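Accompanying notes for the structure given below.
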Amino acid sequence: MTLFIGSLQLGLIYGFLAIGIYISFRIMNIPDLTAEGSFTFGLVISAVATEAGHPLLGIVFAILAGLVAGWVTGALNVYLRIPAILAGILTMSGLYSVNLLAMGSKANLTLIGKETIFQLAAPIFGGSMNTAKTLVNLILVAAFIVLFYLFFKTRIGLSIRATGDNEHMVRASSININTTKLLALAISNGVIALSGGILAQYQQFADISSGVGMLVVGLASVIIGEAFLGQKSILRGLFAAVLGSIIYRLLIALAYQTNIFPTAAFRLLSAVIVTIALAIPTIKQLYDMQRAKKENQSHADTF
0 MTLFIGSLQL
10 GLIYGFLAIG
20 IYISFRIMNI
30 PDLTAEGSFT
40 FGLVISAVAT
50 EAGHPLLGIV
60 FAILAGLVAG
70 WVTGALNVYL
80 RIPAILAGIL
90 TMSGLYSVNL
100 LAMGSKANLT
110 LIGKETIFQL
120 AAPIFGGSMN
130 TAKTLVNLIL
140 VAAFIVLFYL
150 FFKTRIGLSI
160 RATGDNEHMV
170 RASSININTT
180 KLLALAISNG
190 VIALSGGILA
200 QYQQFADISS
210 GVGMLVVGLA
220 SVIIGEAFLG
230 QKSILRGLFA
240 AVLGSIIYRL
250 LIALAYQTNI
260 FPTAAFRLLS
270 AVIVTIALAI
280 PTIKQLYDMQ
290 RAKKENQSHA
300 DTF
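Under numbering that gives the first Met the number 0, residues 0 to 302 are what the sequence shown spells out, in order.
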């Protein structure tokens, strides 16, 4: 039970990461590699603010930091015509130095003994930190899913979705695609930074290398969730991203729980899980093709 609750808590936190990647990769169809930098940016900003005694402001500042990071990537792509992949790499690389400077040139920062949002919320939930960590994350994730569902029903939200579907058609419709790209990338990285900001206060420390591999983890979470729920609507896609994140964290926790794998092999194991997750659509497609082929053959034999 403890393993499941821990996986649920982390899955909800990383669910924001998955939602952000869902927005950039699925809705906008942009390969944004800023994620690893903006995740760490949010984590660092939240940690620094929490150390100064402002955990709630730390979450707000983390979101703002992510918005800025996403806007920079968008500006490099839109105004300087730098390809989206390269623009994300440039922003991510620059953020490494920014994060290091924000932490006072230290590689890590501890928050042990500092008040976090979970400690502030604990009295509301009967004084239980474990309950607070679960319910605070659950409430925040639910609120953001509803918020994004409503946002993507608005005029600007529909314009963003249309830009991702067919950029040339949207341009012909006199919609400013520069604005939609900038806004979408800013929102995407804002949510990703929120994930890092909450994680910093959850684990009570920040590390400069925390964002390594986050892009692949988030993408794997999206694909795992879509394997269960599909991607027929925005609401289903948002839920799928969070569900996939929880499942991914549970798989990792189960692997840690067993003593089959040595500690040195966990990076490899994580890579294998991600690879399988990314291969699910291809495997499913091959299975459907094989089944259709057998059905056609069966009909042919009948006649």
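The beta-carbon is built from N, C-alpha and C at its ideal position, and this holds for glycine as well. The model shown is predicted, which means the values in this text are computed figures rather than measured ones.
Each residue's CA atom was taken as its position, placing S209 and L157 some 34 Å apart. The Cβ atoms of W70 and L193 do not sit closer than 8 Å to each other. The C-alpha of S45 is placed about 21 Å away from the C-alpha of L32. Following the DSSP letters along the chain, one finds N129 inside the alpha helix (DSSP H) bounded by residues 128 to 150.
Nearest to P82 by C-alpha distance, out of V273, A226, P30, L214, is P30. By DSSP's assignment, D31 forms no beta bridge with any residue. DSSP places A106 outside both helix and strand once states are collapsed to three, so it counts as coil. Bounds of the beta strand (DSSP E) holding F204 are 204 to 206. For the stretch 162 to 210, the continuous alpha helix (DSSP H) assignments of 4+ residues that do not extend past its boundaries occur at 166 to 171, 176 to 202, in sequence order.
By the Cβ criterion, the stretch 216 to 224 is not in contact with the stretch 54 to 63, since fewer than three pairs of Cβ atoms, one from each stretch, lie closer than 8 Å. DSSP, read as helix, strand or coil, puts E114 in coil. The alpha carbon of T39 has as its nearest neighbour, out of N188, I245, F227, L134, the alpha carbon of N188. Three or more beta-carbon pairs separated by less than 8 Å link the stretch 233 to 245 to the stretch 147 to 162, which places the two stretches in contact.
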